[in-house]
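Colleague: In the numbering used here, the protein residues as written are 536 to 708.
In this text, a Cβ means the ideal position worked out from N, Cα and C, and glycines have one as well.
(1) Have a look at residue 647 and residue 690 and give me their C-alpha separation to the nearest angstrom.
(2) Helix, strand or coil, according to DSSP, for residue 581 in the structure here?
(3) Output the distance between the C-alpha atoms of residue 585 and residue 660, rounded to the nearest integer angstrom.
(4) Going by C-alpha to C-alpha distance, which of 643, 562 and 695 sits closest to residue 625?
(5) Compare the Cα-Cα distances from residue 563 to each of 693, 617, 635 and 602 and report the closest residue.
(6) Quick check: what's the CA-CA separation for residue 610 versus residue 619?
(7) Exposed or buried, which one is residue 654 when buried takes at least 16 other CB atoms within 10 Å?
So this is what it looks like as structure tokens:
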């Protein structure tokens with residue numbers, strides 16, 4: 536497990552979910568996911584091979600100034616990630632699932648697993664015995680897929696919503 540971004544944010548009263556990108560290909564998507572992780576208190580775990588360098592300028596630009604606020608780790612393969620994460624629940628997001636992401640009761644520490652942008656999660660990953668449930672984000676039947684980080688955002692905010700956005704602080708207004 537290789538640390539890529541300093542872990543310097545206290546986790547006081549926050550609910551932590553773990554976003555896992557399996558073989559992400561597009562640096563801008565991962566940069567956006569770094570920003571998502573920083574803004575929601577999630578961890579972001581990336582499974583190699585990556586389609587870019589963690590120093591890529593597009594990754595840096597998409598993540599803006601959130602890189603130092605996010606907990607990001609890179610794992611050499613999925614088995615290394617499983618050993619490091621030791622997950623109780625793993626939700627694999629795939630367009631081939633029948634169950635909606637809103638039909639799941641998420642708990643702290645749950646893993647939200649997403650596949651590469653071009654092909655999604657491969658069959659052998661979706662069939663892994665460590666997968667608790669295969670879920671999908673609803674969309675029109677004529678659509679093929681959503682953007683990777685958009686899907687991760689939808690998933691994270693649903694999981695967080697189920698816990699009343701714990702750790703968010705009061706809403707202004």
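Modeller: Once the coordinates are examined:
(1) Here residue 647 is taken as the residue at index 112 of the chain shown, counted from 1. Here residue 690 is taken as the residue at index 155 of the chain shown, counted from 1. Distance from the CA of residue 647 to the CA of residue 690, rounded to the nearest whole angstrom, comes to 8 Å.
(2) Start at 1 with the first residue of the chain shown, and residue 581 comes out as number 46. Residue 581 falls in the strand class under three-state DSSP.
(3) Numbered from 1 along the chain shown, position 50 holds the residue referred to as residue 585. Numbered from 1 along the chain shown, position 125 holds the residue referred to as residue 660. Their backbone Cα atoms lie some 16 Å apart in a straight line.
(4) On the chain shown, position 90 is the one that residue 625 refers to. The option with the nearest alpha carbon to residue 625 is 643.
(5) Position 28 of the chain shown, counted from the first residue, corresponds to residue 563. The shortest C-alpha separation from residue 563 is found at 602.
(6) As a first step, residue 610 is located in the chain shown; it is residue number 75 there, counting from the start. As a first step, residue 619 is located in the chain shown; it is residue number 84 there, counting from the start. Their backbone Cα atoms lie some 9 Å apart in a straight line.
(7) The residue labelled residue 654 in the question sits at position 119 within the chain shown. Under a 10 Å Cβ-count criterion, residue 654 is classified as exposed, with fewer than 16 other Cβ atoms of the shown protein chains found around its own Cβ.
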